[in-house]
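Residue numbers (the working numbering): 5 to 223.
Ideal placement from N, C-alpha and C gives every residue a C-beta, glycine not left out.
In what follows, a structure is listed as structure tokens, so that the remarks can point back to it.
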């Protein structure tokens with residue numbers, strides 16, 4: 005009886021929270037469960053129990069389980085605006101700076117419980133893919149602004165190359181976090197080598213190819 009009273013008191017205290025607090029409480033609970041179990045193995049009832057609220061309250065704030073999962077992914081892949089891509093005061097060769105960028109990204113996706121790279125979301129995940137694509141594009145824009153790339157690189161070509169790299173990096177991180185076929189160190193080494201080659205060789209080659217194409221068009 006005392007246990008039941010305690011549970012009811014806890015539930016009443018949580019329903020007296022401000023809406024933003026209740027929403028955050030539910031989102032935190034859902035994040036823990038989706039990280040640990042994936043989408044299919046988690047129910048709205050599970051989330052409600054984890055958060056200590058009613059099922060109706062979960063539906064009230066987030067609608068369906070799919071919408072709740074989408075909210076979790078959006079929160080997990082958001083890079084805080086105040087977190088610099090390149091740590092303040094970091095000097096050195098571009099290769100060293102890019103190594104720090106790769107390490108920071110790997111730490112970000114590792115902390116998300118592989119939600120960045122997992123395919124264990126709801127079927128027909130175009131909305132999840134859109135969230136991940138948006139996060140990728142924002143990350144690319146910040147890299148273009150904050151990383152000291154060579155000034156003579158064409159920014160449009162650099163953006164295009166970095167977006168392609170980000171798609172490959174997500175797949176590579178999946179090999180590490182989901183398939184477990186490679187280690188973190190191997191993943192970091194591969195991504196760093198590819199990123200350095202992209203900046204030093206691929207983007208200049210793209211620029212040269214564009215010039216050759218224009219020259220042929222004028223003939």
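Selection 71, 21 and 100 evaluated against residue 34 yields 71 as nearest (Cα-Cα). Here the segment 92-101 makes no contact with the segment 76-84; the two share fewer than three CB pairs at distances below 8 Å. Across the structure, residue 134 and residue 58 are spaced so that their CA atoms are roughly 30 Å apart. Listed in chain order, the non-local C-beta contacts of residue 158 below 6 Å within the same chain comprise 211, local neighbours out to five positions each way being set aside. Residue 114 and residue 205 have their alpha carbons spaced roughly 29 Å apart. Assignment of residue 24 by DSSP, reduced to helix, strand and coil, places it in the helix class. Annotation note: the segment 95-170 contains the following uninterrupted alpha helix (DSSP H) runs of length 4 or greater, listed N- to C-terminal: 98-115 and 130-150.
Three or more beta-carbon pairs drawn from the segment 191-199 and the segment 158-176 are found closer than 8 Å, and the two stretches are therefore classed as touching. Note that the C-beta distance between residue 151 and residue 90 is below 8 Å. Between residue 26 and residue 61, the gap from beta carbon to beta carbon is short of 8 Å. The residue among 56, 146, 73 and 200 with its C-alpha nearest the C-alpha of residue 39 is 73.
With a threshold of 16 other beta carbon atoms within 10 Å, residue 182 falls short and is exposed.
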